[in-house]
Amino acid sequence: MIKVCLFDLDGTLLPMDTEAFVEKYMGTLAPYVADVIPPKELVSLIWDATKKMIADTDPTKTNAEVFEERFLAQSRLEREEIWPLFDRFYVEEFPKLKTYAQPTPISRQVVKAAREKGYKVVVATNPVFPREAILERMRWAQVDDLVHWATVYEETHFCKPQPGYYREIAERLGVRPEECVMIGNDMQEDMVASTVGMKTFFLTECRIDRGQPKYQPDQEGTMEELLTAIREGKGLFAASGSASSIGK
């Protein structure tokens with residue numbers, strides 16, 4: 000029986016061209032901290048630290064710790080020289096990037112329907128961003144007040160597509176992977192949840208598929224079809240979960 004619905008954020012609850020959004024994000028962040036580090040160097044260092052974080056499988060270090068250690072070591076900066084600027088950027092400038100996303104009312108309808116059916120709801124976005132950046136995008140998607148938890152890089156120890164990312168979510172919620180369904184638009188990053196025993200729903204909108212590895216989703220369709228499946232208890236949602244059986 001499914002008890003938890005895991006929703007990807009970018010391209011799922013928040014429709015967008017992810018590559019274009021990241022380009023705009025970098026193009027806004029780089030000049031913001033240009034007094035401390037040259038824009039081209041910043042972008043290179045961020046990608047380097049991000050790749051290190053995604054590949055890391057040390058369960059004793061949060062994603063934030065891995066990213067910071069790598070970034071500071073490679074940049075030779077002290078944390079106090081750059082991190083206050085990063086933090087201020089996410090408060091002052093990041094919200095303006097909403098214009099590069101395409102929020103849709105159906106996302107709130109889908110999440111609300113899942114809640115009404117008794118499912119726990121997790122925003123299972125790749126935790127390569129700080130909490131504030133993820134919460135901001137949840138606000139754009141109009142789901143920030145409906146979810147039980149979101150994976151942010153300060154609290155998690157793995158990134159997609161590491162199977163450990165999905166195991167950690169199940170462990171945190173006190174459920175078995177088999178009691179979760181991962182809903183997302185990315186074949187390699189989201190459907191890999193099936194390798195730990197989770198059910199999967201592959202969204203056909205904003206679809207991303209790099210070819211390999213290939214996974215077989217348990218169900219697929221549009222957001223409208225997902226909404227219908229949840230409301231009418233069809234397919235993966237034939238038996239509703241029980242929120243009372245899962246810890247807050």
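Residue numbering for the sequence shown follows numbering that gives the first Met the number 0, beginning at 0 and increasing consecutively.
Even for Gly, the Cβ is constructed at its ideal location relative to N, Cα and C.
When DSSP states are grouped into helix, strand and coil, residue 1 belongs to the coil group. Around the CB of residue 54, fewer than 16 other CB atoms lie within 10 Å, so the residue is classed as exposed.
When DSSP states are grouped into helix, strand and coil, residue 185 belongs to the strand group. Of the residues 114, 61 and 140, the one whose Cα lies closest to the Cα of residue 98 is 140. For the region 105 to 163, the continuous alpha helix (DSSP H) assignments of 4+ residues that do not extend past its boundaries occur at 130 to 139, in sequence order. Partner residues in the beta bridge of residue 179, as assigned by DSSP, are 3.
With respect to residue 200, residue 1 sits apart: the two C-beta atoms are not nearer than 8 angstroms. Contact between residue 81 and residue 35 holds: CB atoms are separated by about 5 angstroms, below the 8 angstroms threshold. Look at residue 53 here: in three-state DSSP terms it is helix. Only residues of its own chain outside the window of five on either side were considered, and among them 10, 14 and 184 have a CB closer than 6 angstroms to the CB of residue 205, listed in chain order. Residue 94 is positioned such that its CB atom lies closer than 8 angstroms to that of residue 135. Residue state for residue 36 is assigned as coil, using DSSP reduced to three classes. In the DSSP assignment, no residue is bridged to residue 73.
Judged by their CB atoms, residue 86 and residue 69 are not nearer to each other than the 8 angstroms cut-off.
Annotation for residue 227: the continuous alpha helix (DSSP H) segment containing it runs 222 to 231. By the neighbour-count criterion, in which 16 or more other beta carbons inside 10 Å mark a residue as buried, residue 213 falls on the exposed side. If you check the CB distance, residue 91 and residue 78 do not come in under 8 angstroms. Using a Cβ distance threshold of 8 angstroms, residue 207 and residue 112 do not count as a contacting pair. Residue pairing by DSSP places residue 9 opposite 13 in a beta bridge.
Excluding residues up to 5 positions away in sequence, 148 lie with their Cβ nearer than 8 angstroms to the Cβ of residue 171 in the same chain.
Out of 191, 220, 154 and 225, the CA that lies nearest to the CA of residue 209 is found in 191. Residue environment analysis places residue 59 among the exposed positions, since fewer than 16 neighbouring C-beta atoms fall within 10 angstroms of its C-beta. For residue 84, the enclosing alpha helix (DSSP H) stretches over residues 78 to 91.
Per DSSP, reduced to three states, the secondary structure at residue 204 is coil, with no helix or strand assignment.
Burial is judged here by how many other beta carbons sit within 10 angstroms of a residue's own beta carbon; residue 104 has fewer than 16 and is exposed. Separation of residue 163 and residue 150 (C-alpha to C-alpha, rounded to the nearest whole angstrom) is 13 angstroms.
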